[in-house]
Amino acid sequence: MTGPIETARDYFLTELRFPEEEIEEILALGRRALSQGLGGVVSALGTGDARRVSEQAHLVKGILRNMGLFDPGRIARRVEELAEA
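Count the sequence shown with the working numbering and you get residues 231 to 315, in order.
Pasting the structure below:
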């Protein structure tokens with residue numbers, strides 16, 4: 231089974247054709263952005279702010295999809311939808 235880092239690395243190399251020497255930096259940026267986005271979701275959930283949950287989940291969804299992590303991106307989309315309901 232391939233983990234998310236390997237999946238993202240492969241996506242960047244094969245689908246987006248990023249230079250191999252830049253992949254680690256791109257992955258680090260993606261991990262940092264994802265960590266901040268997930269923190270935003272948790273924070274918004276803690277305050278009960280559904281609009282902010284939706285916005286943060288939307289951000290997380292985009293980060294995941296941009297990293298080629300489409301299954302987790304679908305989960306983030308579902309969180310976004312539930313927050314909008």
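Glycine included, each C-beta is placed from N, C-alpha and C at the ideal position.
Quiz item: Over what stretch of residues does the alpha helix (DSSP H) that includes Thr244 continue unbroken?
Solution: Element bounds for Thr244: n/a, residue is neither H nor E.
Practice problem: Taking only the alpha-carbon atoms, compute the straight-line gap between Ala274 and Glu285 and give it to the nearest angstrom. | Solution: Answer to the nearest angstrom: the Cα atoms are 9 Å apart.
Quiz item: Any Cβ of chain C within less than 8 Å of the Cβ of Thr237?
Solution: Given the protein chain composition of this structure (a single chain), no chain C is represented.
Quiz item: Mapping DSSP to helix, strand and coil, what is Ala258?
Solution: The answer is helix: DSSP assigns Ala258 an H, G or I state.
Quiz item: Counting Cβ pairs, one atom from each stretch, are 3 or more of them under 8 Å apart for the stretch 238 to 256 and the stretch 287 to 301?
Solution: The stretch 238 to 256 is in contact with the stretch 287 to 301.
Quiz item: To the nearest whole angstrom, what separates the beta carbons of Ala287 and Val271, a pair I think is in contact under 8 Å?
Solution: The pair is a contact, with the Cβ atoms about 6 Å apart (cut-off 8 Å).
Practice problem: Give a yes or no on whether the C-beta atoms belonging to Met248 and Ile235 are separated by under 8 Å. | Solution: Per the sequence presented here, residue 248 reads as Phe, with Met not at that position. With respect to the 8 Å criterion, Phe248 and Ile235 are not classified as neighbours on the basis of their beta carbons.
Quiz item: Can you tell me whether Glu251 is buried or exposed, with buried defined as 16 or more other CB within 10 angstroms of its CB?
Solution: Of the other Cβ atoms in all chains shown, fewer than 16 fall within 10 Å of the Cβ of Glu251; this residue is therefore exposed.
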